[in-house]
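Read the structure below first, then the notes.
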Amino acid sequence: MSFGNRFFFVSLFLGTALTRFCNCNQVVLLDTTSVLGELGWKTYPINGWDAITEMDEHNRPIHTFQVCNVMEPNQNNWLRSNWISRQAAQKVYVELRFTLRDCNSIPWVSGTCKETFNLFYHETDEAHGVKFRPAQYTKIDTIAADESFTQMDLGDRILKLNTEVREVGPINRKGFYLAFQDIGACIALVSVRVYYKKCPFTLRNLASFPDTVPRVDSSSLVEVRGACVDHAEERDTPKLFCGADGDWLVPLGRCVCSVGYEEIDGSCVACRPGFYKAYAGNIKCSKCPPHSFSYGEASAICRCEKGFFRAEKDPPTMACTRPPSRPRNLMFNLNDTCLLLEWSPPSDTGGRRDLTYNVQCKRCGPEPDHCQLCEDELRFLPGPLGLTNATVTVVDFSAHANYTFEIESLNGVSDMSSFPRQVAIITVSTDQGGPSLVGALKKDWASPNSIALSWQQPEQTALPIIDYEVKYYEKEHELLSYSSTRTKAPSVIVSGLKPATWYVFSVRTRTAAGYSSYSPKYEYETTGDSSNMASDQGQVLVIVTAAVGGFTLLVILTLFLLITGSKLHKKQTACTPLHCIDYSLCLSTVPFPGIKTYVDPDTYEDPTQAVHEFTKEIDPSRIRIERVIGAGEFGEVCSGRLRTPGKKEIAVAIKTLKGGYVERQRWDFLREASIMGQFDHPNIIRLEGVVTKSRPVMIVVEYMENGSLDSFLRQHDGHFTVIQLVGMLRGIASGMKYLSDMGYVHRDLAARNILVNSNLVCKVSDFGLSRVLEDDPEAAYTTTGGKIPIRWTAPEAISYRKFSSASDAWSYGIVMWEVMSYGERPYWEMSNQDVILSIEEGYRLPAPMGCPVALHQLMLHCWQKERNHRPKFTDIVSFLDKLIRNPSSLLPLPESPGEEMDYPMFISVGDWLDSIKMSQYKSNFMAAGYNTLDSVARMSIEDVRRIGVELIGHQRRIISSIQTLHLQLLHEHEKGFHV
């Protein structure tokens, strides 16, 4: 007989619309809220589950299955779905939304009422008949409600739905059935949604990636190669990795838009008329360079306007150019041996810089029309063709001859033009070779730095004199260089000379026909400087004073270095290196020089300033990503290689910042690098550098081959000696001492945040979590709203957020317990709230199996309630060094009977079970005959299982506490006490 009204649930849901949503990375195989007709599910027996269909406020059906046979014992009611095709899924998710009534709220029900139901499935390649065989079905899980309702809730007529999701897989057949077993509960199954996850079709880096189903193994990724979009081509093979949650991870490689196309909103679009793109790549189309155009779309190059050209080697980005105009201001200078032709560059270079000049010579007779090429009778220095300077020297010409010189200017496109070239023409008659010499040069006066010269003008000149050029140089440096100056008058004052120095002077005239030959050379001397002696004496005095001061400074500096070096030498020689034990446990008492003070990056007004100050920018071309090794809070974590010029390539770990971030996320990501970059210690993870000037943004750190300490210990359970484990703990303590000395508080010290390299050296890492922890799976909400890792955190930090080196010391004690238990979870299966209450009541973790007494004593010392009583990291390092030097102290039992052990003493088995929060097993111990602590201390793991302790976490907690109890009893017996 069912309890009350079989349909009392229905009206409760009519006023509550079910949320219908779509997730793009989920493929729904079944959703009962979207089925418009009858579901057609089968019930066994017929009078077990009831199918109720009602309409919600939007006139959409709500399919509900209900059962409430709580008054009748031995219920076995089954509800089976229709056959569900798995499609491409390898693993599916079943989401159940239901309500369940609290049995205590139902009157007159004794032990028949249950508060759970069971979920089953059965794989088949096709739908089978209506016959239902429960033995064919495999159990998925027992489903319980987070919140059950009571009679009072029924009065309010508003119930909160429970939502539970379970994984099913791997599934190998074409489809499956779901089945729900009721064993005596009051349930309303409101909706069932079955789906599998996929990485949906996406466009990334101009490549398309198809829908991809993740692997069943959640720790492995599916590598997917992308196909370039239209008008794009591969630059590096585009790849994405499909994660277990249907998220695309680690974009590698890329496609780029082809020639004539640019990237706009993830596709390659043709360049508009008037624009072009000459190279494949993710660059924008460019406007056509000057004097060029493009009329069509997708142009790779712009064509030149009429009269403009591009040379063969000109890049498409260069403007079109044209040939230059002719040279300007062509002049000559003729003397008895040579002819110097000079000109100015053309007014229009054609827009190019590759300007050269060609010189052509013609020798003409008395008649202007009778000209012929000079051919080889003249020599041009440096040559007649391809001149880069606007000058050429002509020698070996004949006297009393007329020469016509044509100077043409050329550039890289002169040969492409069909227009005649423009030339500058000048005619030179060697009859003008008679020099227009000036009269003798006279020195009018002289000073230490100047000489005044004058001369007589030539009596007769064929052409008016334009100006005079005076050449001069030091007599002793005639072959090195000379200077010249021009004047229109037959006189000049030459300044800027050296005192008491002989100079050589000569002068020539310049007419429209060119320069004449130089006059004979004249030598004149500047006067001496009367202030030289005083100047010299002053210089000597300055030099002597500087020398004396420098010598004095050198003496002082030398004495300082000697004294300092002596002290440093004494400090260093006073240190004694310790003995290396086992794998590479070498200790050193030499202090690290100049411990710095930690600077919080949050104190900077501009966060990027902290990044620039404490980190080193790395060129991304030096980084080679090899594989994905995990996923972090901000993006993927990869392993790879870092190439440093002049150094050996090293293995590194690379944290990447996934795309689509905001500036705050970028700062939070780089904040850890700003912290890590301040540290330099062998037991602190080393920052190699950052990449901030290109995407993706990366943090590059040294690669730790063995990963996190907790997982490493779990993989090698029991493989290490006690001295090796102590060596690991000593390294962690040394790193924390360094951080404590710098004034840095870690706040999240745990074995999961310790990394291990190939030499078993442990290094402290994960410095980004010194801020409030928001995404740590080990965290729990505190009264101030943030999240902290309860199992590792000191009581004052949990209650009042008082973080300090003392709270880090508490966390270090938990790390010690993790190491000695080979990565076991602290406090086992206890809830976070139970952990907090137990610690407040004085409970402390017992010694792990095989843990030396001295180490557990150190753990208890770290877990002192009063934080000022906890050891400093300096004390911890010193204590561990003593243990390493004296391995006999690392025995599981006390070294001598007189040594005290600070373990709590229990009177009864019940008290002992109460202290470890296992009081629910009192009756199990008593029924099995374990009535005394002596008998309990002899129990093995098989004995604990045999008395009915089935949960593995409870088994471990009890057996670990039994080991501690055994040590205590042995110690008490040795002291003469009997329990």
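Residues -24 to -1, 1 to 955, numbered by mature numbering (1 follows the signal peptide of the UniProt record, and there is no 0), are exactly what the sequence shown covers, in order. Glycine is no exception: its CB is placed at the ideal position from the N, C-alpha and C atoms. Note that this is a predicted model, so its numbers are computed, not measured.
query, result
"6 Å Cβ shell around R846 - same chain, five flanking residues per side excluded", "A782, A785, C838, Q840"
"Nearest candidate by alpha-carbon position, reference Q691, set N682, T697, V698, I928", "N682"
"D890, buried or exposed, once every other Cβ within 10 Å from all chains shown has been counted against 16", "exposed"
"Own chain, CB closer than 8 Å to M792, minus 5 neighbours either side, in chain order", "L705, L831, L834, M835, C838"
"Pick from L429, K624, Y776, S670 that is closest to R479, judged by C-alpha positions", "For clarity, residue 479 is Tyr in the given sequence; the question names Arg instead. Per the Cα distances, L429."
"Which listed residue (T8, T579, P824) has its alpha carbon closest to that of V698", "P824"
"Other residues of its chain near I938: CB distance less than 7 Å, five sequence neighbours each side excluded", "V912, A913, M915"
"Cβ distance (whole Å) where I383 is taken to contact W319 below 8 Å", "6 Å"
"Status (buried if at least 16 other CB within 10 Å, exposed otherwise) for T940", "buried"
"Simplified DSSP state of M674, which is helix, strand or coil", "strand"
"DSSP-derived helix/strand/coil call for R149", "coil"
"Cβ pair count under 8 Å reaching 3, the stretch 581 to 589 against the stretch 613 to 625", "no"
"Span of the beta strand (DSSP E) around I240", "237 to 240"
"Supposed close pair E199, K173 - CB separation, criterion 8 Å", "About 17 Å separates the two Cβ atoms, so there is no contact after all."
"Exposure of F395, with buried meaning 16 or more beta-carbon neighbours within 10 Å", "exposed"
"The stretch 226 to 236 / the stretch 189 to 196 touching (three or more Cβ pairs under 8 Å)", "no"
"Cβ distance (whole Å) where I708 is taken to contact N659 below 8 Å", "7 Å"
"Segment contact, 8 Å Cβ cut-off, at least three pairs: the stretch 3 to 19 with the stretch 48 to 57", "yes"
"At least three beta-carbon pairs within less than 8 Å, the stretch 369 to 388 to the stretch 321 to 334", "yes"
"Backbone secondary structure at H34 - three-state DSSP", "coil"
"Residue span of the alpha helix (DSSP H) that contains S775, given as start and end", "771 to 776"
"C-alpha distance - P265 paired with L349, whole-angstrom precision", "42 Å"
"Own chain, CB closer than 7 Å to V235, minus 5 neighbours either side, in chain order", "K253, A254, Y255, A256, A276"
"Euclidean distance between Cα positions of V404 and F373", "11 Å"
"Continuous alpha helix (DSSP H) stretch holding C838: start and end", "829 to 838"
"Touching by the beta-carbon criterion (3+ pairs, under 8 Å), the stretch 321 to 329 and the stretch 289 to 301", "yes"
"Chain-order list of residues whose beta-carbon lies under 8 Å from that of N181 (same chain, five-residue window excluded)", "G202, P214, P227, G229, R230, C231"
"Per-residue DSSP class, three states only, for P553", "Low confidence applies to P553: its pLDDT is 30, below 50, so where it sits in the model is not reliable, and the reading given next is rough at best. Three-state DSSP puts P553 in coil, outside helix and strand."
"Same chain, Cβ closer than 7 Å to residue 982, five either side skipped, listed in chain order", "Missing from the structure shown is residue 982; the chain here goes from -24 to 955 and no further."
"Distance between beta carbons of M712 and F849, contact taken as under 8 Å", "5 Å"
"Sequence-distant residues of the same chain with beta carbon closer than 7 Å to Y294, five excluded per side", "In the sequence as displayed, the identity of residue 294 is Met instead of Tyr. Taken in chain order, the residues that qualify are P265, R286."
"Same chain, Cβ closer than 7 Å to P863, neighbours up to 5 away in sequence not counted", "I699"
"6 Å Cβ shell around K417 - same chain, five flanking residues per side excluded", "Before going on, a small fix: residue 417 reads as Leu here, not Lys. These residues qualify, in order along the chain: L429, W431, F481, Y498."
"A476 burial status per 10 Å Cβ neighbour count (16 or more: buried)", "exposed"
"Best match in V371, L154, I427 for proximity to V170 [C-alpha to C-alpha]", "L154"
"Ordered list of beta strand (DSSP E) runs contained in the stretch 617 to 690, each at least 3 residues", "626 to 632, 663 to 667, 674 to 678"
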